[in-house]
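Encoded as structure tokens, the structure appears first; notes follow it.
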Amino acid sequence: MITLFHASYSVIEKPDIHYGRKNADFGQGFYTSDKYEFAGRWVVEKKDADIIINKYELDESSLKIKHFERSKEWFEYIFNNRRGKADYLREYDLIIGPIANDTIHDTLGVITSGFLSDDEAMKLLMVGDSYDQIVLKSQKASDNLKFISHDVLTTEQIREFKKLSDFDNKKYMEEFAKTMESLS
Numbered sequence: 013m014i015t016l017f018h019a020s021y022s023v024i025e026k027p028d029i030h031y032g033r034k035n036a037d038f039g040q041g042f043y044t045s046d047k048y049e050f051a052g053r054w055v056v057e058k059k060d061a062d063i064i065i066n067k068y069e070l071d072e073s074s075l076k077i078k079h080f081e082r083s084k085e086w087f088e089y090i091f092n093n094r095r096g097k098a099d100y101l102r103e104y105d106l107i108i109g110p111i112a113n114d115t116i117h118d119t120l121g122v123i124t125s126g127f128l129s130d131d132e133a134m135k136l137l138m139v140g141d142s143y144d145q146i147v148l149k150s151q152k153a154s155d156n157l158k159f160i161s162h163d164v165l166t167t168e169q170i171r172e173f174k175k176l177s178d179f180d181n182k183k184y185m186e187e188f189a190k191t192m193e194s195l196s
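If you're matching positions, the sequence shown starts at 13 in this note's numbering and goes up one per residue.
If you want it as structure tokens, here you go:
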């Protein structure tokens with residue numbers, strides 16, 4: 013049994029795995045984290061809307077799970093999904109792996125231009141802290157998910173999560189710049 017969190021503008025007791033974007037990192041599914049703080053870092057304030065972190069328990073014991081580490085396989089799967097290609101891992105109920113950093117689109121463009129080798133591009137994609145996303149991909153996974161509770165974030169909590177996110181982004185950009193310099 014694992015505890016999962018999902019940030020939203022509403023309470024989501026019964027997630028719809030077909031609701032999300034098809035061109036997300038791991039394709040269409042219900043995206044969660046096993047870390048409350050990480051879910052909170054995804055929040056974006058919206059006028060007249062509460063920000064809610066939903067809490068769930070998932071019985072993963074009977075699920076077919078694909079677990080990624082940062083690797084060429086992970087990169088290629090994200091690359092295919094972000095380009096809207098067919099999801100070739102449809103047989104999995106749950107996919108767990110690192111979230112792609114915000115510069116992955118730039119890195120993909122640099123690869124296709126021939127400016128960087130695949131190995132150099134992989135070095136760029138390895139930069140920064142690694143946070144896992146846990147994506148429910150099948151109805152079976154959704155059926156094994158039990159809604160527990162939800163929190164409505166306070167203005168102070170939202171500010172704190174924003175500070176954490178800004179700190180991570182600054183640290184990431186500094187490390188990315190150093191890695192780019194080392195490739196020159």
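Glycine included, every Cβ here is placed at the ideal spot set by N, Cα and C.
Euclidean distance between Cα positions of residue i and residue j
| i | j | result |
| --- | --- | --- |
| LYS149 | ASP105 | 5 angstroms |
| LEU75 | PHE17 | 19 angstroms |
| SER177 | GLY109 | 19 angstroms |
| PHE159 | TYR184 | 34 angstroms |
| HIS79 | LEU137 | 18 angstroms |
| ASN156 | LEU101 | 19 angstroms |
| ALA61 | ASP180 | 25 angstroms |
| LYS59 | ARG171 | 15 angstroms |
Helix, strand or coil at residue i [DSSP, three-state]
| i | result |
| --- | --- |
| SER177 | helix |
| ASP37 | coil |
| ASP62 | coil |
| SER20 | strand |
| ARG94 | helix |
| TYR143 | coil |
| LYS84 | helix |
Counted within 10 angstroms of its Cβ, other Cβ atoms place residue i as buried (16 or more) or exposed
| i | result |
| --- | --- |
| ALA51 | buried |
| ARG53 | buried |
| TYR68 | buried |
| ILE14 | exposed |
| ALA133 | buried |
| ALA112 | buried |
| GLN151 | exposed |
| ASP37 | buried |
According to DSSP, residues forming a beta bridge with residue i
| i | result |
| --- | --- |
| GLU69 | THR15 and LYS158 |
| LEU106 | ILE77 and LEU148 |
| PHE42 | LEU148 |
| ASP163 | ILE65 |
Segment limits, alpha helix (DSSP H) that includes residue i
| i | result |
| --- | --- |
| ALA51 | 48–53 |
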